[in-house]
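2 protein chains.
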Amino acid sequence: MRRTPARRPTMKDIARRAGVSESAVSFALNDRPGVSAATRDRVRRVAEELGWQASTAARALSGEGSATVGLVLARPASTLGVESFFLQLVSGVQEALSRRRLGLLFQVVEDLDAECATYRRWWAEHRVDGVLVVDPCRDDPRPDLLDELGLPAVVIGSMTDDPAAEPPAHPGISNLWADDAAAMASIVGHLHGLGHRRITHIAGLPGLAHTRRRMRSLRAEAERRGLTEVASVTTDYSDAQGAEATRRVLARDRPPTALVFDNDVMAVAGLAAAAERGLSVPADLSIVAWDDSVLCRSTHPSMTALVRDTAAFGRHAAERLIALLDGEAAVRVQDDVPRLAPRGSTAPPR
Amino acid sequence: MRRTPARRPTMKDIARRAGVSESAVSFALNDRPGVSAATRDRVRRVAEELGWQASTAARALSGEGSATVGLVLARPASTLGVESFFLQLVSGVQEALSRRRLGLLFQVVEDLDAECATYRRWWAEHRVDGVLVVDPCRDDPRPDLLDELGLPAVVIGSMTDDPAAEPPAHPGISNLWADDAAAMASIVGHLHGLGHRRITHIAGLPGLAHTRRRMRSLRAEAERRGLTEVASVTTDYSDAQGAEATRRVLARDRPPTALVFDNDVMAVAGLAAAAERGLSVPADLSIVAWDDSVLCRSTHPSMTALVRDTAAFGRHAAERLIALLDGEAAVRVQDDVPRLAPRGSTAPPR
DNA sequence: GATGAAGACTAAAGCGCATTAGTTCGCGAC
DNA sequence: GTCGCGAACTAATGCGCTTTAGTCTTCATC
């Protein structure tokens with residue numbers, strides 16, 4: 292026998308039980324003037340007893356917003372779930388959101404168009420008060436769209452290829468990014484310091500702004516140091532393409548002595564690809580992974596990696612969004628600079 | 292200048308524009324009788340023009356449910372994002388949900404108590420119509436709670452230690468699980484077939500039902516085959532404890548010749564730990580990983596692993612939940628049996 | 001040609017909350 | 001002793017939608 296599910300208590304129940312009107316209950320629970328301290332306490336106690344929680348639906352309807360923020364991930368299903376980045380980011384986001392009892396509406400879609408459609412739908416359905424946008428890309432349509440809808444948003448990641456360029460102003464949109472240029476500089480510095488002069492960067496998706504930014508930073512840094520045999524190749528972030536790219540660049544006439552991978556998964560795949568070729572890491576080839584994870588620490592040798600606190604990054608982004616929801620102005624801020632953790636996969640070239 | 296955000300069109304707008312009453316609009320848009328085909332079409336066209344979408348808040352308030360399902364992950368932040376399992380599961384879940392325009396409300400919490408509190412809150416706030424529950428454990432308080440709240444749910448994973456035992460009936464709760472017994476049997480069969488007689492199972496969290504189920508299945512299978520030197524040890528799924536457990540069991544007098552790890556991360560860590568001891572895989576030690584991933588395919592040698600379609604698993608779970616929401620009865624079904632993919636990490640013992 | 005009934009549509013209520021406009025009461029001020 | 005005023009509280013309205021109860025028209029029925 293299914294027990295009849297408990298009925299959710301409403302403000303009316305509280306009102307009846309506390310012997311006051313519904314409005315008084317509303318005032319009491321929302322800390323608005325209009326009730327005495329005694330009544331406020333009594334109402335609070337009754338609400339507590341009944342286990343009352345405001346219905347977000349009703350709240351949303353009376354103009355208070357939905358107490359929810361959205362996050363859309365536009366990645367083909369195949370490349371999903373390979374990186375630890377997102378779950379960590381999300382866990383940080385949660386941390387900040389839960390303090391304010393905000394929910395996180397999560398959606399995985401195939402592509403950018405579907406992502407935009409999702410925003411439109413969420414907006415029309417009153418589902419979210421704001422959104423977190425990841426993977427900014429070239430000619431990104433999302434900031435304009437979100438601005439048009441009046442949906443507060445925080446873009447996570449650099450919005451421009453060029454570190455120096457000002458991104459177009461979007462009044463309702465904050466931007467938080469990691470300093471890719473400094474990070475790339477520290478990687479190149481580490482490798483160059485070890486004596487490497489031929490470095491290849493196995494990058495991620497070419498459409499993403501941060502990919503372009505990293506590539507640009509790499510070129511700039513190489514130029515500054517007078518390194519001429521430095522290049523980037525792009526991939527889709529998958530282990531397959533990471534391995535494939537590794538094989539390709541290692542097959543060249545003058546193969547690189549060091550590889551920089553744009554994520555942990557590709558770095559590990561690259562390590563295996565090098566082993567296939569009979570190359571020993573780090574003796575014959577040095578490898579650096581952008582973003583640390585268990586993967587990087589579990590390989591043999593363990594992976595020199597760019598460590599950043601992804602959860603904190605997510606937390607900061609969520610805090611920015613909360614600030615926007617509270618009516619503060621949009622900001623553009625740079626997050627902490629990632630730190631390079633040298634491990635076993637990098638050494639002087641042979 | 293911030294443009295004034297576009298106002299969301301409501302049914303009233305449609306009604307005015309189509310020259311009918313709001314009720315007629317509601318009937319038309321919901322395919323209810325009470326309007327002529329002509330009116331229905333006209334209303335539909337106007338709604339389309341205006342880009343109208345029903346406000347989920349208003350819908351929820353008038354008893355239609357919130358068009359949202361919830362998923363809580365109770366894991367300390369530290370162990371989060373190490374496995375690819377969850378994102379893959381979620382992407383499958385999405386696939387099924389998005390067909391019905393259901394949103395996924397996602398929450399990461401520290402422990403089971405917080406998870407239960409989340410369910411209570413969601414229920415009281417009318418936030419979700421149903422939930423997906425992962426990581427069922429011993430004396431799990433969640434099914435009872437969800438039943439009490441009348442919140443439809445699908446439990447993902449086996450709810451009992453004993454494959455033969457009937458779990459307590461929860462009328463509003465479906466259960467979907469992978470056949471751990473069969474999977475364990477195939478692993479033991481593979482290893483025994485290669486000639487291994489001393490097998491140690493490096494299991495996951497001892498509190499989880501599926502951990503206990505796997506351990507039980509291992510014992511049963513060993514008994515059936517007359518293997519006496521077979522055992523399980525439990526861990527917290529982390530690479531650290533995986534490595535630590537590996538070192539411990541390999542230091543025994545009669546160390547095992549084969550190890551079975553409950554996740555990919557520990558298997559890789561175990562591989563490294565074996566290498567430290569000077570053991571060569573698979574010559575001196577065979578290793579099997581439960582759940583395949585990039586990691587398993589990227590090690591050297593590549594890892595013999597239990598392959599299952601996690602995204603499909605998530606999709607099936609979400610479909611079960613949708614069935615519950617549609618008023619169908621709860622079911623208990625077993626999902627596809629995982630398949631063992633023999634790779635380089637297993638071979639006959641020396 | 002009066003009677004019913006079905007069909008197309010409108011009016012109104014209600015969901016749970018916030019909010020605005022009253023209403024009542026007590027108390028200090030003149 | 002009356003007036004005024006603020007504090008404490010209630011009544012009523014609206015948010016956007018669904019749904020039930022009506023109203024009005026038309027058309028078949030005996």
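Residue numbers (my numbering), protein chains in the order written: chain A, 292 to 641; chain B, 292 to 641. Here a beta-carbon is modelled for each residue, glycine too, at the ideal position from N, C-alpha and C. These figures come from a predicted structure and were not determined experimentally.
What residue range does the beta strand (DSSP E) around residue i cover?
i                      : result
residue 625 of chain B : 623 to 625
residue 398 of chain A : 394 to 400
residue 316 of chain B : Element bounds for residue 316 of chain B: not the beta strand (DSSP E) but the alpha helix (DSSP H), 313 to 320.
Taking the CB atoms as reference points, tell me whether residue i and residue j lie closer together than 8 Å.
i                      : j                      : result
residue 583 of chain A : residue 632 of chain A : yes
residue 426 of chain A : residue 365 of chain A : yes
residue 534 of chain A : residue 563 of chain A : yes
residue 354 of chain A : residue 396 of chain A : no
residue 499 of chain B : residue 407 of chain B : no
residue 694 of chain A : residue 358 of chain A : For chain A, the structure presents residues 292 to 641; residue 694 of chain A sits outside this window and is missing.
residue 537 of chain B : residue 565 of chain B : yes
residue 469 of chain A : residue 599 of chain A : yes
residue 412 of chain A : residue 344 of chain B : yes
residue 658 of chain B : residue 464 of chain B : With chain B running from 292 to 641 in the structure shown, residue 658 of chain B is simply not present.
residue 326 of chain B : residue 363 of chain B : no
Hey, quick one: how far does the alpha helix (DSSP H) through residue i stretch, first residue to last?
i                      : result
residue 483 of chain A : 471 to 485
residue 253 of chain A : The question about residue 253 of chain A has no answer, for chain A in this structure spans 292 to 641.
residue 596 of chain B : Taken as a continuous stretch (DSSP letters only), residue 596 of chain B belongs to no alpha helix (DSSP H), being part of the beta strand (DSSP E) at 595 to 598.
residue 503 of chain A : 500 to 516
residue 559 of chain A : 555 to 567
residue 382 of chain B : 376 to 390
residue 615 of chain A : 601 to 616
residue 348 of chain A : 347 to 350
residue 307 of chain A : 302 to 309
Roughly how many whole angstroms lie between the Cα atoms of residue i and residue j?
i                      : j                      : result
residue 460 of chain B : residue 391 of chain A : 36 Å
residue 409 of chain A : residue 597 of chain B : 36 Å
residue 505 of chain B : residue 448 of chain B : 12 Å
residue 301 of chain A : residue 349 of chain A : 11 Å
residue 619 of chain A : residue 467 of chain A : 15 Å
residue 385 of chain B : residue 450 of chain B : 23 Å
residue 560 of chain A : residue 480 of chain B : 30 Å
residue 309 of chain B : residue 335 of chain B : 9 Å
residue 509 of chain B : residue 435 of chain B : 29 Å
residue 502 of chain B : residue 439 of chain B : 27 Å
residue 634 of chain B : residue 476 of chain B : 18 Å
residue 484 of chain B : residue 589 of chain A : 29 Å
residue 305 of chain A : residue 389 of chain A : 26 Å
residue 492 of chain A : residue 610 of chain A : 33 Å
residue 420 of chain B : residue 558 of chain A : 42 Å
residue 351 of chain A : residue 424 of chain B : 27 Å
residue 628 of chain A : residue 587 of chain A : 19 Å
residue 636 of chain A : residue 383 of chain B : 35 Å
residue 496 of chain A : residue 526 of chain A : 5 Å
residue 624 of chain A : residue 314 of chain B : 49 Å
residue 617 of chain B : residue 356 of chain B : 12 Å
residue 292 of chain A : residue 516 of chain B : With a pLDDT of 39 at residue 292 of chain A, under the threshold of 50, the modelled position of that residue is not reliable, and the figure given next carries that caveat. Their Cα atoms are separated by approximately 43 Å.
residue 320 of chain A : residue 312 of chain A : 13 Å
residue 418 of chain A : residue 442 of chain A : 11 Å
residue 330 of chain B : residue 317 of chain B : 12 Å
residue 452 of chain A : residue 453 of chain B : 57 Å
residue 604 of chain B : residue 640 of chain A : 46 Å
residue 322 of chain B : residue 333 of chain B : 13 Å
Specify the secondary structure class of residue i as computed by DSSP and reduced to three states.
i                      : result
residue 361 of chain A : strand
residue 549 of chain B : strand
residue 408 of chain B : helix
residue 496 of chain B : coil
residue 292 of chain A : Note that residue 292 of chain A scores a pLDDT of 39, beneath 50, so its modelled location is shaky; the value from the coordinates is reported in the next line. Residue 292 of chain A falls in the coil class under three-state DSSP.
residue 337 of chain B : helix
residue 581 of chain B : strand
residue 570 of chain B : coil
residue 628 of chain B : coil
residue 491 of chain A : strand
residue 540 of chain A : helix
residue 442 of chain A : coil
*Could you tell me whether the segment 573 to 581 of chain B touches the segment 538 to 550 of chain B, where touching means 3 or more Cβ pairs closer than 8 Å?*
yes
*asked:* With three or more beta-carbon pairs closer than 8 Å as the criterion, would you say the segment 375 to 382 of chain B touches the segment 335 to 345 of chain B?
replied: no
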